[in-house]
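To start, the structure itself, in structure tokens.
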Amino acid sequence: MAVLSGLKPEKVFEYFELLNSVPRGSGNTKQVSDLCVNFAKERGLEYYQDEFNNVIIIKEASAGYEDAEPVIIQGHLDMVCAKDPENPVDMSVTPVKMAVDGDWIFAIGTSLGADDGVAVAIAMALLDDPELQHPRIEAVFTTDEETGMDGAAGLDMSPLKGRRLLNLDSDEEGTITAGCAGGARVDFSKYYENEPLEGKYTFYRAEVSGLLGGHSGAEIDKGRGNSNKIMATFLRTALETAGMRLISIDGGTFDNVIANKTTAIAAVKWGKENLFENTAIYCGRALKEDFIKTDRDVCLKVSRILDAKYGAAMNPADAEKLLTAMDDIPQGVQKMSADLPGLVQTSLNFGTVRTEEDRVKFSFSVRSSVGKEKNDLINLLREIGEDNDCEVSLRSPYPEWEFKKVSAFRDMVRDVCAEVLGKEIVVTATHGGLECGLFSGKLEGLDCVSIGPNMYDIHSPRERVSISSVAKLYGIVKEILARSR
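Numbering (our numbering), first residue to last: 180 to 664.
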């Protein structure tokens, strides 16, 4: 029996469960893209699929709506595949295992993919409803949104006739998003030479864990710790106090996720073990004080590796420059908006670090609603990287989505939301990245808004979505379509 069987609206949760029956992490979207194409084929709907695995499905207007302006309904197929550290599941081949607790759907030991599977499921339910009153629906399912919006960037939008876009990638009921930050990924490569370890060494595994992590757009203002940044600071200190030799450092899951676990392998000369271990104790105590309100379970620990056989470590000069770059680059909120109280204007997130045979690669997610501040931050990263002999490159830039002072479509959506939800609606902008900016850049005269259900802790194993909120969102979208004559 399906886990979500009996939940209403039935079709929405049926399709959400169908989407979660196939792996659909960013970069692994061919299977879910084909699923959507087969859905369209079975219903005789016009569809387009491209080399990026984007899918457009078109349902012509119902009787009485033939002359109405089309509505684009948009969401993304990919999800962030996050899991508990002890969970052995391979999310690249294993479907999401879901469960229900009261009003909440969650996944067991992994992220849920409600961001943005709920949007796609709602669109599919609308496309499959023969009684629906609606103008021409242009459902657009993009890919790799979570890793840089590459699907939307490469999408041929010529099949789209609509100039009103309803994006369903927000995560707070009763809030209409009408603007967002732009952003980019900045990648570093620090090449290093391995040197033989002469003399006797004790080998250690260092680990930073117990952090909440979270979405670098939605939760960057929470002050949560970043395990990559914390580890870099500790290792740089240990390099100075105990002459530590670095062998490897690895942490984080995605550029746009606040890293919550990082590990490192280090070598310490015999006789300096106490210095290294005491440095870890000192740094660990400081962490507890620094993050007592945001990450009370943060833990820095070092443990000796028995029977280790590491014959080499990074050249000390290379390791020093690597750790200096990682430690000197800022983390978190850089500036708050002066126009919208409480809104982050510019931020930076240290997403991932990986040690390879001859280099360490690490990446950052830059966000800002002000183009100049975004570029200034990118230039700062480039300067710090180059000062420490790192190769620095830019990828997946996406534009900010400018807030419109006047929007007829936004006004209509706000009225519908207020009537269905029975409360005052908040209209705002978000620090998170949305694909609306890319669509606006390609479709002249586009009027777009973003709404969504109550979702919490997205991009983490604690991700959950409210069943009743999804139901209300579905009702809102149906009413928007019904009023779109």
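Glycine included, C-beta positions come from ideal geometry on N, C-alpha and C.
Query, Result
"For the putative contact between Ser205 and Asp323, defined by C-beta atoms under 8 Å, what is the C-beta separation to the nearest angstrom?", "5 Å"
"Taking C-alpha atoms, which residue in Ser212, Asp269, Glu230 and Thr416 lies nearest to His255?", "Ser212"
"Quick check on Pro576: does DSSP put it in helix, strand or coil?", "strand"
"May I ask which residues mark the beginning and end of the alpha helix (DSSP H) holding Leu214?", "Lys209 to Glu221"
"Tell me the rounded alpha-carbon separation between Asn405 and Gly243.", "54 Å"
"Round the Cβ separation of Ala397 and Tyr577 to the nearest angstrom and send it over; I've been treating them as touching at under 8 Å.", "Not a contact, Cβ separation roughly 17 Å."
"Pop quiz: Asn435 and Gly530 are said to be a contact at Cβ under 8 Å. What is the actual Cβ separation, rounded to whole angstroms?", "6 Å"
"Do three or more CB pairs link the region 369-381 to the region 399-418 at distances below 8 Å?", "no"
"List the endpoints of the continuous beta strand (DSSP E) containing Ile316.", "Ile316 to Thr321"
"Would you give the residue range spanned by the beta strand (DSSP E) that Asn346 belongs to?", "Arg343 to Asn346"
"Taking 8 Å as the threshold (C-beta atoms), are Lys602 and Met336 in contact?", "no"
"Considering only C-alpha positions, which residue in the set Ala465, Glu221, Leu501 and Leu306 is nearest to Leu414?", "Leu501"
"Any idea which residues DSSP pairs Tyr371 with across the strands?", "Looking at the DSSP assignment, Tyr371 forms no beta bridge with any residue, so it has no partner."
"Starting from Thr503, trace the beta strand (DSSP E) in both directions and tell me its first and last residue.", "Segment Pro495 to Asp507 is the alpha helix (DSSP H) holding Thr503; no beta strand (DSSP E) there."
"What does a CB cutoff of less than 6 Å around Glu552 pick up in its chain, not counting 5 residues either side in sequence?", "Thr525"
"In this structure, how does DSSP classify Thr412 when only helix, strand and coil are distinguished?", "helix"
"In the DSSP assignment, the alpha helix (DSSP H) including Met591 goes from what residue to what residue?", "Ala587 to Leu600"
"Around the C-beta of Ile316, are 16 or more other C-beta atoms found within 10 angstroms, so that it is buried, or is it exposed?", "buried"
"Measure from the alpha carbon of Asn554 to the alpha carbon of each residue in Gly362, Arg222 and Pro249, then state which is nearest.", "Gly362"
"Are at least three pairs of beta-carbons, each pair with one atom in the region 587-594 and one in the region 341-360, less than 8 Å apart?", "yes"
"I need the DSSP call for Val275, collapsed to helix, strand or coil.", "coil"
"What's the C-alpha gap between Ile659 and Leu183?", "26 Å"
"Once DSSP output is grouped into helix, strand and coil, what is the label at Cys569?", "coil"
"Residues in its own chain within less than 8 Å of Arg662 by CB, not counting five upstream and five downstream?", "Met591 and Val595"
"Among Ala240, Ala445, Pro188 and Asp366, whose alpha-carbon lies nearest the alpha-carbon of Ser544?", "Asp366"
"For Lys472 and Leu390, what's the separation of their Cα atoms in angstroms?", "12 Å"
"Using three-state DSSP, classify Gly254 as helix, strand or coil.", "strand"
"Of all the options Thr534, Arg546, Asp537 and Asp507, which has the alpha carbon lying nearest to the alpha carbon of Val523?", "Arg546"
"With 16 other CB atoms within 10 Å as the buried threshold, where does Arg203 fall?", "buried"
"Return the residue from the list Pro267, Glu579, Glu221 and Glu386 that minimises the CA-CA distance to Leu306.", "Glu221"
"Output the boundary residues of the beta strand (DSSP E) element that contains Thr432.", "It is not in any beta strand (DSSP E) - Thr432 carries neither H nor E in the DSSP assignment."
"Which stretch, first to last residue, makes up the alpha helix (DSSP H) that contains Phe543?", "Not the alpha helix (DSSP H): Phe543 falls in the beta strand (DSSP E), residues Arg538 to Ser547."
"Cα-Cα, which of Glu310, Ser271 and Asp257 is closest to Thr321?", "Asp257"
"With a threshold of 7 Å, establish whether the CB of Tyr380 neighbours any heavy atom of the ligand MG.", "By its list of ligands, the structure shown contains no ligand whatsoever, and the ligand MG lies outside what it can speak to."
"Since Ser639 and Gly393 are thought to touch, with beta carbons under 8 Å apart, how far apart are those beta carbons, to the nearest angstrom?", "6 Å"
"Relative to the C-alpha of Gly463, which candidate in Ala318, Val481 and Glu245 has its C-alpha closest?", "Val481"
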